[in-house]
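J.: Residue numbers (the UniProt record's numbering): 1 to 568.
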Amino acid sequence: MKRSQKRMRALRTFFIGIAAIVALNLLAQYFVIRIDLTEDKRYSIAPQTQALLKELEGPVFIQVYLHGDDLPADFRRLRRSIEELLEEFRVYGGSNIQYRFIDPQSVEPAEARDSLIQYLAAHGVLPTNVFVREEGKRVEKLLFPGAIVSYGNKYTSLSLLQGDQRATLARPQEIINHSIENMEYEFASAIYQLTLKKKKKIAYIYGHRELTPPEVDDLNQSLSRFFQIYGIRLQEVSLDTLDALIIAKPQTAFSEEEKYLIDQYVMKGGRVLFFLDAVEVREDSINTPQGAVSLAYDHQLIDLLFRYGIRYNYELIEDLNCGVLGLIIGQMAGKPQMEFLPWRYYPIFYNFFPHPVTKNLNAILGRYVCTLDTVKAEGVKKVPLIASSPKTKVLDIPFVIHYNEARLDPDPDLFNDGARTVAYLLEGRFRSLYQNRILPSDPRAKTFIAESQKPTRMFVCADGDLIRNEVNWQKKQVLPLGYDRNTGITFDNKRFVVNLLHYMLDDKQLILARNKEVRLRYLNKDRVQEERTFWQAFNLYMPLLLTLMLGITYHLARYWRFGRQPKA
């Protein structure tokens, strides 16, 4: 073949390649193909989130206040992850997703900056202090890891830094990683809330000395973003229009007629959340000489739950992983003196079973918690969600609880009862407690349902206080749910209940967005220190060596193809 023919073929191949590239670019404008090759799928969003974004009927504006050239390295990673997520949102939401990053500290003049900071605080975007090293000095920086999402004339704020923010200094990588894992859920939740057209109905049952409205006020403020919240008495309204019932720490007995109404509500497919104490402890008596006697509650719901597959045990757990209790022990200069000691009857739950409801949760605070077991109930799946730590001791009632216990050092060898389950999710078809107990002559016989008409869900928790927020009755001030005023730590009780209700009411668009897991790839610090020089030299000289080898190979290939003289 002549040299000119080879050149013509090479040119033809070149122009065909150019034409193919142009054609692919034109097609890419109409067909979006995205492939996430990462092991943990960190650049993918859930199909339910994609559907939520595609169904937007108007623009969603997102203002992120984590920005600036001097962000610490971990926060730069968080900001980059947020931008990548919002860009992915834009792929599916198109022009209906609009966002921008703002650095509040760079706003000029100072009056405008102060005004913006006050605006952010009023909308729930609070600053966070972080310490970084600059030129060998420890410098404090004020960051605003939050965002405001608006849709039409509605808006909501969200925190971009998940977990106990005070722990950021101790383990910043874990906190940032946890925040990245939750980011899709947080933004999808905000968009879902703002675009929700019809809210499902949830009702608290009253009439048995349950938790009062102020004691569940903080939880209700969060739930009201997604649901309509009511308070009812069982025999005064129809339950058929309600999507879920909450029974929150009743202290007096339910009548058989009331239990029958709950039972038939379940048989019709209704969802019920039971937050029940089996043991009563009068905390105002524990610092008296007599102490507080632990006794069984008589709310008459134990047999109902036994029928559904859960057995309450009349016992309390002590856990070495616990909160603190503060009591007034005297006066000094007219001011009360407080003593704060570990209180092993306040277990801190961090032992979660794998489930979308518990994924990425921080610890939950409990108070005077008993234990649960499962019993046979055909057609019902029992899913454990929360357990105590392995360092648990179980105490059968009755017994006396006295504050002096906290002053004694516990014997770890006695806390050997292992992790005990305190919360279950039940799923399936339930059988009525009143099966074979309704006579044909009973007026209820015509409408009685013996087995669930369709699969449904139920939640049972052995701690009635898990959803109770503290209340300052003198100042009429409601504290956040999960906030421990003795330590200043906010536990994840509220997030757990919100997640639980989303799952129980089939809000899969939100709950499946929690399944993302971003793994940290830690370096071996000892190897980094020992092999630093080698890898620095490798990264510096290896690219040069590879370039040189490619150049030599290319030159030899051209010589072999074109430079040799043909034989005579």
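Even glycine gets a Cβ: it sits at the ideal position worked out from N, Cα and C.
1) How is the beta strand (DSSP E) around residue 157 delimited, first residue to last?
2) Taking 8 Å as the cut-off, decide whether the C-beta atoms of residue 274 and residue 478 are in contact.
3) Report the residue from 82, 410, 385 and 340 whose alpha carbon sits nearest the alpha carbon of residue 177.
4) Taking DSSP as the reference, what is the three-state secondary structure of residue 384?
5) In this structure, what does DSSP give as the bridge partners for residue 542?
6) In chain order, what are the residue ranges of uninterrupted beta strand (DSSP E) at least 3 long that sit wholly in the segment 340-377?
7) My guess is that residue 104 and residue 113 are in contact by the Cβ rule of under 8 Å, so how many angstroms apart are they, rounded?
8) Check each candidate in 288, 201 and 251 and name the one with the smallest Cα separation from residue 238.
9) Using the C-alpha atoms, what's the distance from residue 355 back to residue 233?
10) Straight-line CA distance for residue 323 to residue 366?
11) When the Cβ atoms of the segment 371-390 are set against those of the segment 421-437, are three or more pairs found closer than 8 Å?
12) In the DSSP assignment, find the beta strand (DSSP E) that holds residue 497 and state where it starts and stops.
13) From the DSSP output, which residues share a beta bridge with residue 313?
14) Apart from the five residues on each side of it in sequence, which residues of its chain come closer than 6 Å, Cβ to Cβ, to residue 431?
15) So is residue 264 buried or exposed if we call it buried at 16+ other beta carbons inside 10 Å?
16) By Cβ distance, which residues of its chain are closer than 8 Å to residue 449, with the 5 residues on each side in sequence left out?
17) Take residue 174 and list the residues in its own chain whose beta-carbon comes closer than 7 Å to its own, dropping the five residues that flank it on each side.
18) Consult DSSP for residue 167 and reduce its assignment to one of helix, strand or coil.
19) Rounded to the nearest angstrom, what separates residue 285 and residue 207 at their Cα positions?
20) Give the straight-line distance between the Cα atoms of residue 253 and residue 485, rounded to the nearest whole angstrom.
21) From which residue to which residue does the alpha helix (DSSP H) around residue 584 run?
22) Given that a residue counts as buried once 16 or more other Cβ atoms are within 10 Å of its Cβ, and exposed if not, what is residue 364?
23) By Cβ distance below 7 Å, which residues in the same chain neighbour residue 282 in space, the five residues on each side in sequence not counted?
24) Comparing alpha-carbon positions, which option in 149, 106, 400 and 110 lies nearest residue 124?
25) Smallest Cα separation from residue 492: which of 560, 219 and 455?
26) Enumerate in chain order the residues of its own chain whose CB-to-CB distance from residue 464 is below 7 Å, with the five nearest sequence positions on each side excluded.
27) Please tell me whether residue 480 and residue 472 are closer than 8 Å, where the distance is taken between their beta carbons.
28) Below 8 Å CB to CB, which residues in the same chain sit around residue 61 once its five sequence neighbours on both sides are set aside?
29) Compute the distance between the beta-carbons of residue 347 and residue 380, then report whether it is under 8 Å.
30) Do you know offhand how far residue 399's Cα is from residue 257's?
31) State yes or no: is the C-beta of residue 130 nearer than 7 Å to some heavy atom of the ligand NAD?
32) Rounded to whole angstroms, what's the CA-CA distance from residue 235 to residue 255? Just pull it up for me.
33) Compute the beta-carbon to beta-carbon distance between residue 570 and residue 223, rounded to the nearest angstrom, for a pair I have assumed lies under 8 Å.
34) Of all the options 428, 447 and 427, which has the alpha carbon lying nearest to the alpha carbon of residue 435?
35) Considering only residues of the same chain and omitting the five flanking positions on each side of residue 154, which have a CB-CB separation below 7 Å?
36) How long is the line joining the alpha carbons of residue 561 and residue 555, rounded to whole angstroms?
T.: According to the data block:
1) First-last of the beta strand (DSSP E) with residue 157: 154-159.
2) The answer is no: Cβ separation not under 8 Å.
3) Checked all of 82, 410, 385 and 340; the closest Cα to residue 177 is 82.
4) In the structure shown, residue 384 falls within a strand segment according to DSSP collapsed to helix, strand and coil.
5) Residue 542 is not bridged to any residue.
6) If we require 3 residues or more, the beta strand (DSSP E) runs fully inside the segment 340-377 come out as 371-374.
7) The pair is a contact, with the Cβ atoms about 7 Å apart (cut-off 8 Å).
8) Comparing Cα positions, the closest option is 201.
9) Put simply, the backbone Cα of residue 233 is about 33 Å away from that of residue 355.
10) The alpha-carbon atoms of residue 323 and residue 366 are separated by roughly 9 Å.
11) When Cβ pairs closer than 8 Å are counted between the two stretches, the segment 371-390 is seen to touch the segment 421-437, the count reaching three or more.
12) Boundaries for residue 497: no beta strand (DSSP E) harbours it, while the alpha helix (DSSP H) harbouring it runs 493-504, taken from the DSSP string.
13) Paired residues: 371.
14) The answer, listed in chain order, is 451.
15) Buried is the call here.
16) If we look at residue 449 and ignore the five residues flanking it on each side, its Cβ neighbours are 264, 267, 268 and 432.
17) Hits under 7 Å: none found.
18) Its pLDDT being 42, under 50, residue 167 is placed unreliably in this model, and the value from its coordinates should be taken loosely. Helix.
19) Rounded to whole angstroms, residue 285 to residue 207 spans 25 Å at the Cα level.
20) About 32 Å.
21) Residue 584 lies beyond the range of the chain shown here (1 to 568); nothing can be said about it.
22) In this structure residue 364 is buried. Its beta-carbon is surrounded by 16 or more other beta-carbon atoms within 10 angstroms.
23) If we look at residue 282 and ignore the five residues flanking it on each side, its Cβ neighbours are 292.
24) It is 149.
25) Checking every option, the nearest Cα to that of residue 492 belongs to 219.
26) Result list for residue 464: 248, 249, 275, 276 and 277, in chain order.
27) No Cβ-Cβ contact shorter than 8 Å links residue 480 with residue 472.
28) Here the set comprises 98, 99, 149, 150 and 151.
29) In this structure, residue 380 does not lie closer than 8 Å to residue 347 by Cβ.
30) Roughly 33 Å between the two C-alpha positions.
31) Judged by which ligands are present, the structure shown has none, so any question about the ligand NAD falls away.
32) Rounded to whole angstroms, residue 235 to residue 255 spans 11 Å at the Cα level.
33) The structure shown does not extend to residue 570, since the chain is modelled only from 1 to 568, so the question has no answer here.
34) Checked all of 428, 447 and 427; the closest Cα to residue 435 is 447.
35) These residues qualify, in order along the chain: 194.
36) Each residue's Cα considered, the two are about 10 Å apart.
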